[in-house]
Amino acid sequence: MTAPLSAVNEFVVCIANVNGTGSASANALFAKAVFAGGVPVAPKNIFPSNIQGLPTWFEVRISEAGHLGRRGDIDIMVGVNAQSLEADYAQVRPGGYFLYDSTKQLPQHFAREDITHYGVPLTALSADHFSDMRQRQLLSNTVYVGALAALFGMDLDRIKGQLARQFAGKERLIDANALALDLGHDYVRQHYGSDSCGLKIRELEPASERILMTGNSALGLGAVYAGATVMAWYPITPSTSVAEAFEAYCRRLRRTEDGEKRYAVIQAEDELAALGMVIGANWNGARGFTATSGPGISLMNEFFGLAYFAEVPAVVVNVQRAGPSTGMPTRTQQSDVLLSAYASHGDTKHPLLFPSDPAECFTAMADAFDLADRAQTPVLVMVDLDLGMNEYLSAPLAWPEGRSYDRGKVLDADALENLSERYGRYLDVDGDGIAWRTWPGSHPDKGAFFTRGTSRDRYAAYTERSEAYSDNMERLLRKWETIKTLVPEATLEHGDGEAEIGLICYGTSLLSTLEAVRGFDVPIDVLRLRAFPFSPNVGEFIARHRTVMLIEQNRDAQMRTLLVNELEIAPGLIHPVLHYDGMPIPANTIAEQMQRILRRTGIQVLDKEDVAA
Amino acid sequence: MSFIAPNFRHPEQGANGLGLRRSDYEGALSTLCAGCGHDSVSAAIVQACFEMDVEPHRVGKFSGIGCSSKTPNYFLNHSHGFNSVHGRMPSVATGAILGNRDLLYIGISGDGDTASIGMGQFIHAARRNLDMLYLVENNGCYGLTKGQDSATADLGSVSKTGVATELYGLDLCALALQSGASLVGRSFSGDKSQLVQLLKTAIAHRGFAFLDVISPCVTFNNTPASTKSYDYAREHIDVAGALDFVPHQSAIEIDYAEGEVQKVHLHDGSELLLEKVGKDAGALDDKTAALAAMNRAQDAGRMLTGLLYLDTELPDLHTVNRTVATPLNQLGQDELFPGLDALEQINAEQS
Ligand SMILES: Cc1ncc(C[n+]2csc(CCOP(=O)(O)OP(=O)(O)O)c2C)c(N)n1
Ligand code: SF4
Ligand SMILES: [Mg+2]
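Note that the protein sequences, when read in sequence, are chains A and B.
Under the working numbering, the first residue of the first sequence is numbered 236, with each subsequent residue one higher.
Under the working numbering, the first residue of the second sequence is numbered 66, with each subsequent residue one higher.
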């Protein structure tokens, strides 16, 4: 018989529920209460493309050590979904725990001997104490939060404090939920005592100030702080909440006393129109942006080319998800890297930013607007469903004192008035490939030009001369070189840079990569990409390491292709470590693939132990 | 076609009220085919803007792709212009209008650009009652790609290809009307005086002003059996009521018999005098009457031109959105940045 698992502040809880039963608030209550007790958490909502009825899972990684990527297995399962019960039951690690609704008996064959069972009559307890049908269902979810609190030895007052915050202003809900918490808590205490479960949560004094926020909220707020005034979008999971956050924060922070808006949010007729609106706004000197996901980026392709060649700034948030529209829209992936980098027809490429947590999401918006204005080109902020829609632990959002908007090279009325030479919209007067633009309406007889793709000369006058075309294309390449100096550098996240093994990752693959590395007994360096085009230290890193691996969440090793292509590296020099099933990348998947690669390349490594343990 | 002789001086020669000459309103040399209807439309725009004392640099010009969409380059050289992508001009214009509510926006499109690839965006621009003039130079074909039928080609019409159109032609005025445009008019590139009056009205109007202008393609669709040819248009046009646009700065005294003329006040203070035709002519903002009049004309094999519909009360997008009066592109960091205290507060809410 396997010994029951025992751990303090290091385990994974999973709650298997039914979509549309209102479990989200109970689940959030649990995760936030753990966080409020100073213990690092990473909640992940795994939900179907459905409004009601299909299975949904809420996975919470609790890790004092700060391992907040997905670990890949479950220590304690709360199984309250009859549809998925069988599979959920099987998922529990040997030695783990299974909490179920004992209002109905578990089927006979649920008889694992290697796990501990806790039956709690969630439905019955709720039905006995609450009369309203809808409330009964909602509150049966809160009952299991109370039960978990008892098993983990959590402070019930801590959870009730969180409850008061979550439902501020809705006193009746607070009272009902508090009662439901007590019901679950007391039942477990009475029937199982306080020591039966080896998994414990002990409150900590956090070393630094932390927040728990979704990436999408931070992106929306980042756009408000970055001075965006026009937001055009079309609903698509998992990006919708970026628009919603932007609008909600604008309503709070950007209205005059009379309720007039210093912003405009337009729900466009489709994503094409959304990017068109963004281009129009930026062309006119207002900061505009949109947020979408892969299918939207696909539709926007023609406009990306227009903005690239006409040199109009634009900011596009791409919250990546798995596959096509009828793929798995509610699952995560990093699979739009190539689509985004080279979006459109003709020779085009676009800067991409890859934030890894909410604080970086917030800053990335300011960076993206500054870069778009400075380089007069579309910039994409690349996140994924995992970061966008899940609450991520993060440093607080920060805006450096004195940071001001960089609107780039714009000639205003005075500058135009004092201009002695003829104005040329596409004239590279500074040698950095970036010409000066003007905003419509600035000056009565100077600075007006006709915006179009490439059939024009340096003065924006119509021409189909070949030399004018190639002259322009070459200037755009010079501009690309300038952009390389403007994007954030890749950062060394682990090691001293002297190891033989070098890992490269980006975005949400960072946390699991760092956890996987700690399971190996050899020096390993980890470099995190933060932008495309690549900063010079990326090529140096690849050259300096004997074995280089690139960890990413897609099937075709897209970032590797981008590196091979842009840095002219032999493909064999970068070993792909891939994960593409729609779930966030787990540390044990990375560790296993690393093992295989190291064995293949003949490097002897001792695996400390199974990193999942 | 104006039925009342205005008593203010037409500054045909010399300078307008801003001291600008007509040449200040012209654009680059047209590269369209000689005789193309689109060039006449450009000339009418030059005249309307010149006579209305429009400040050229306070205009934003937009277009999609096509021969028609090239024309913004051929008028108002001192305005910024944006030749965008095929069928998507409305969205680019929408963003620009959101970014700066203070300019005059003129969008030029073709029947291919609007009635096929751009139908969705066109309908939605109308629905939002965007404050702009949206003009379609309608030649019933794709000029720039060498004469294929467009979706406005009438059933039975024969272009240079020699094949009669077998599908029903779309009526853009009816669509605009149904979609929420607040001004709808139709004209013919060969009827400059009517077109100029309509343009002036559209420029003075706040909201989505849609003009469908029959603008023959001499190269591909000016055949004897085409319903978008010069000859056909001249012979089949009915006028929905002559109109005279009276700019806001001119004080006029006109004698007209009660009931013959309708007077409409426009947003910039201008007035519109509209002859009432027939006893059944409804009020200008009567959608049902407007559609009925258009349908009756169509049934009789005629083309109804003139101002077909006008609603000066419909709020435009900025009014609906309650955007501040200052154009959004004029707001700086001082007005837009919420401050570090607010950020600290938000951080506290997430912890
Ligand atoms: C996405 C896309 N598809 C096709 C084209 C090719 N194209 C250029 S102009 C045009 C039709 C223009 O017709 P219309 O708007 O009626 O303008 P006209 O030339 O008749 O004035 C087409 C199909 C294009 N430019 N872009
Ligand atoms: S092809 Fe037709 S539409 Fe194009 S310029 Fe010539 S006449 Fe005009
Ligand atoms: Mg046409």
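Note that the Cβ used here is the ideal one computed from N, Cα and C, for glycine as well.
Residue i and residue j look like a contact to me (Cβ under 8 Å); what is the Cβ gap, rounded to whole Å?
{"i": "glutamate 636(A)", "j": "histidine 302(A)", "result": "Contact doesn't hold; Cβ gap of about 33 Å is too wide."}
{"i": "aspartate 178(B)", "j": "glycine 205(B)", "result": "Actually they are not in contact, since the Cβ atoms of aspartate 178(B) and glycine 205(B) sit about 13 Å apart, beyond 8 Å."}
{"i": "asparagine 519(A)", "j": "proline 548(A)", "result": "Contact flag wrong, Cβ pair sits at about 11 Å."}
{"i": "serine 252(B)", "j": "glutamine 259(B)", "result": "5 Å"}
{"i": "asparagine 142(B)", "j": "glycine 92(B)", "result": "5 Å"}
{"i": "asparagine 553(A)", "j": "methionine 448(A)", "result": "Not a contact, Cβ separation roughly 19 Å."}
{"i": "alanine 542(A)", "j": "proline 613(A)", "result": "5 Å"}
{"i": "glutamine 397(A)", "j": "alanine 271(A)", "result": "6 Å"}
Using only alpha-carbon positions, find the residue among the options that is nearest to residue i.
{"i": "glutamate 546(A)", "options": "Lys584(A), Leu383(A), Pro342(A), His352(A)", "result": "Lys584(A)"}
{"i": "threonine 217(B)", "options": "Gln415(B), Val223(B), Leu237(B), Thr210(B)", "result": "Leu237(B)"}
{"i": "phenylalanine 115(B)", "options": "Gly82(B), Ala93(B), Ser144(B)", "result": "Gly82(B)"}
{"i": "asparagine 772(A)", "options": "Gly737(A), Gly754(A), Leu488(A), Arg556(A)", "result": "Gly737(A)"}
{"i": "valine 757(A)", "options": "Asp392(A), Leu606(A), Arg691(A), Met829(A)", "result": "Met829(A)"}
{"i": "leucine 746(A)", "options": "Ile786(A), Glu716(A), Glu702(A)", "result": "Ile786(A)"}
{"i": "leucine 418(A)", "options": "Glu406(A), Cys432(A), Leu391(A)", "result": "Leu391(A)"}
{"i": "glycine 457(A)", "options": "Leu373(A), Asp605(A), Asn536(A), Gln401(A)", "result": "Asp605(A)"}
{"i": "threonine 358(A)", "options": "Arg487(A), His344(A), Arg347(A), Asn376(A)", "result": "Asn376(A)"}
{"i": "aspartate 118(B)", "options": "Ser95(B), Arg86(B), Gly131(B), Leu94(B)", "result": "Arg86(B)"}
{"i": "isoleucine 446(A)", "options": "Ser134(B), Ser416(B), Arg123(B), Leu379(B)", "result": "Ser416(B)"}
{"i": "glycine 422(B)", "options": "Arg713(A), Trp634(A), Trp674(A), Ala696(A)", "result": "The question about residue 422(B) has no answer here: the residues shown for chain B are numbered 66 through 416."}
{"i": "leucine 379(B)", "options": "Gly404(B), Ser335(B), Leu248(B), Arg123(B)", "result": "Leu248(B)"}
{"i": "arginine 691(A)", "options": "Lys681(A), Met708(A), Thr491(A)", "result": "Met708(A)"}
{"i": "arginine 369(A)", "options": "Arg660(A), Leu408(A), Ala463(A)", "result": "Leu408(A)"}
{"i": "arginine 490(A)", "options": "Arg387(B), Ala348(B), Phe127(B)", "result": "Arg387(B)"}
{"i": "glutamine 568(A)", "options": "Thr237(A), Gln788(A), Arg522(A)", "result": "Gln788(A)"}
{"i": "leucine 235(B)", "options": "Ser128(B), Asp277(B), Ala99(B), His301(B)", "result": "Asp277(B)"}
{"i": "glutamate 340(B)", "options": "Arg367(B), Phe402(B), Gly371(B), Asp351(B)", "result": "Gly371(B)"}
{"i": "leucine 416(A)", "options": "Gly404(A), Gln425(A), Ala384(A), Gly388(A)", "result": "Ala384(A)"}
{"i": "tyrosine 335(A)", "options": "Gln318(A), Gly354(A), Gln326(A)", "result": "Gly354(A)"}
{"i": "alanine 503(A)", "options": "Gly531(A), Ser241(A), Ser560(A)", "result": "Gly531(A)"}
Would you mind listing the alpha helix (DSSP H) stretches within the segment 250-295 of chain B that are 4+ residues and don't spill past its ends, in chain order? Here the runs fully enclosed are 257-269.
On the three-pair Cβ rule with 8 Å, is the segment 487-498 of chain A touching the segment 432-452 of chain A? Inter-segment contact for the segment 487-498 of chain A and the segment 432-452 of chain A is absent: fewer than three beta-carbon pairs are separated by less than 8 Å.
Please confirm if the segment 756-764 of chain A is in contact with the segment 800-808 of chain A, defined as three or more CB-CB distances below 8 Å between the two stretches. Not touching, per the Cβ criterion.
In the segment 513-539 of chain A, which residues sit with their C-beta less than 9 Å from some C-beta in chain B, listed in chain order? If the cut-off is 9 Å between Cβ atoms, the segment 513-539 of chain A has Val513, Ile514, Gly515, Ala516, Asn517, Trp518, Asn519, Gly520, Ala521, Arg522, Gly523, Glu537, Phe538 near chain B.
In the segment 580-591 of chain A, which residues sit with their C-beta less than 8 Å from some C-beta in chain B, listed in chain order? Answer set for the segment 580-591 of chain A: empty.
May I ask you to list, following chain order, the residues of the segment 373-405 of chain B that have a beta carbon less than 7 Å from some beta carbon of chain A? Flagged, chain order: Asn386, Arg387, Thr388, Val389, Leu393, Asn394, Leu396, Gln398, Glu400, Leu401, Phe402, Pro403, Leu405.
What are the residues of the segment 202-232 of chain B that lie near chain A, defined by any Cβ-Cβ distance shorter than 7 Å? Result list empty, no residue passes.
Tell me the start and end of each unbroken beta strand (DSSP E) in the segment 350-402 of chain B that is at least 3 residues and wholly inside, in chain order. Listed in chain order, the complete beta strand (DSSP E) runs (minimum 3 residues) inside the segment 350-402 of chain B are 368-375.
Of all the residues that make up the segment 659-682 of chain A, which are near chain B by a beta-carbon distance shorter than 8 Å? Listed by position, the residues of the segment 659-682 of chain A near chain B (Cβ gap below 8 Å) are Thr673, Trp674, Pro675, Gly676, Ser677, His678, Pro679, Asp680.
Under 8 Å: do the segment 107-126 of chain B and the segment 644-652 of chain A share three or more Cβ pairs, one atom per stretch? No, because fewer than three Cβ pairs between the segment 107-126 of chain B and the segment 644-652 of chain A fall closer than 8 Å, the two stretches do not touch.
Check whether the segment 325-339 of chain A and the segment 298-317 of chain A touch, using three or more Cβ-Cβ pairs below 8 Å as the test. Result yes; three or more Cβ-Cβ pairs closer than 8 Å.
Considering only residues of the segment 667-735 of chain A, which uninterrupted beta strand (DSSP E) runs meet the minimum length of 3 residues and lie entirely inside it, listed in chain order? Listed in chain order, the complete beta strand (DSSP E) runs (minimum 3 residues) inside the segment 667-735 of chain A are 726-729.
Taking beta-carbon pairs under 9 Å, can you tell me which members of the segment 692-703 of chain A lie near chain B? Listed by position, the residues of the segment 692-703 of chain A near chain B (Cβ gap below 9 Å) are Ala696, Tyr697.
Mind pulling the beta strand (DSSP E) runs of 3 or more residues that sit fully within the segment 369-449 of chain A? For the segment 369-449 of chain A, whole beta strand (DSSP E) runs of length 3 or above, ordered along the chain, are 446-449.
Length-filtered (3 minimum) beta strand (DSSP E) runs lying within the segment 519-556 of chain A: Whole beta strand (DSSP E) segments, 3+ residues: 523-527.
Taking only beta carbons into account, state which residues of the segment 456-469 of chain A come closer than 7 Å to chain B, listed in chain order. So the list reads Leu456, Val459, Tyr460, Gly462, Thr464, Val465, Ala467, given in the order they occur along the chain.
Segment contact flag, the segment 149-157 of chain B with the segment 178-188 of chain B, C-beta cutoff 8 Å, min 3 pairs: Counting Cβ pairs under 8 Å, three or more are found: they touch.
Taking three-plus beta-carbon pairs below 8 Å as touching, is the segment 679-687 of chain A in contact with the segment 569-580 of chain A? By the C-beta criterion, the segment 679-687 of chain A is judged not to be in contact with the segment 569-580 of chain A, since fewer than 3 inter-stretch pairs fall below 8 Å.
Using a Cβ-Cβ cutoff of 9 Å, what residues of the segment 439-452 of chain A are near chain B? List them in chain order. Contact residues of the segment 439-452 of chain A toward chain B are Glu444, Arg445, Ile446, Leu447, Met448, Ser452 (C-beta to C-beta distance below 9 Å).
At a Cβ cut of 9 Å, what residues of the segment 495-515 of chain A count as close to chain B, listed as they run along the chain? Residues Glu495, Lys496, Arg497, Tyr498, Ala499, Val500, Ile501, Ala503, Glu504, Asp505, Leu507, Ala508, Ala509, Leu510, Gly511, Met512, Val513, Ile514, Gly515.
Can you find at least 3 beta carbon pairs, one from the segment 617-635 of chain A and one from the segment 458-477 of chain A, that sit closer than 8 Å? Contact between the segment 617-635 of chain A and the segment 458-477 of chain A is present: three or more C-beta pairs spanning the two stretches fall below 8 Å.
Short-range partners of chain B found in the segment 640-652 of chain A, where Cβ spacing is below 8 Å: Here the close residues are Tyr640.
Across the segment 369-389 of chain B and the segment 186-197 of chain B, are there enough close Cβ pairs to call them in contact, namely three or more that are closer than 8 Å? Yes, since at least three Cβ pairs between the segment 369-389 of chain B and the segment 186-197 of chain B fall closer than 8 Å, the two stretches touch.
Whether or not the segment 313-327 of chain A and the segment 247-258 of chain A are in contact is what I'm after, with contact meaning three or more pairs of Cβ atoms, one per stretch, closer than 8 Å; do they touch? In short, these stretches touch, since the Cβ pair count reaches three.
Tell me the start and end of each unbroken beta strand (DSSP E) in the segment 130-206 of chain B that is at least 3 residues and wholly inside, in chain order. Runs found: 145-148, 169-175, 197-203.
Any residues in the segment 161-176 of chain B with a beta carbon nearer than 8 Å to a beta carbon of chain A? Which ones, in chain order? Taking 8 Å as the Cβ-Cβ cut-off against chain A, the residues of the segment 161-176 of chain B that qualify are Ala161, Ile162, Leu163, Gly164, Asn165, Asp167, Leu168.
Residues in the segment 602-635 of chain A with C-beta within 7 Å of chain B's C-beta atoms, listed in sequence order? Listed by position along the chain: Pro631, Leu632, Trp634.
Looking at chain A, which residues of the segment 256-272 of chain B have a Cβ within less than 9 Å of any of its Cβ atoms? Those residues of the segment 256-272 of chain B that come within reach of chain A (Cβ to Cβ, closer than 9 Å) do not exist; the list is empty.
Within the chosen definition, does the segment 395-402 of chain B reach the segment 430-439 of chain A through at least 3 CB pairs nearer than 8 Å? They do not touch, by the three-pair rule.
So within the segment 575-610 of chain A, which uninterrupted beta strand (DSSP E) runs reach at least 3 residues, ignoring any that extend past its ends? Here no run is fully enclosed.
At a Cβ cut of 7 Å, what residues of the segment 705-727 of chain A count as close to chain B, listed as they run along the chain? Contact annotation: in the segment 705-727 of chain A, no residue has its CB less than 7 Å from a CB in chain B.
Count the C-beta pairs between the segment 264-275 of chain B and the segment 291-306 of chain B that are closer than 8 Å, then say yes if the count reaches three, no if not. No: fewer than three Cβ pairs fall under 8 Å.
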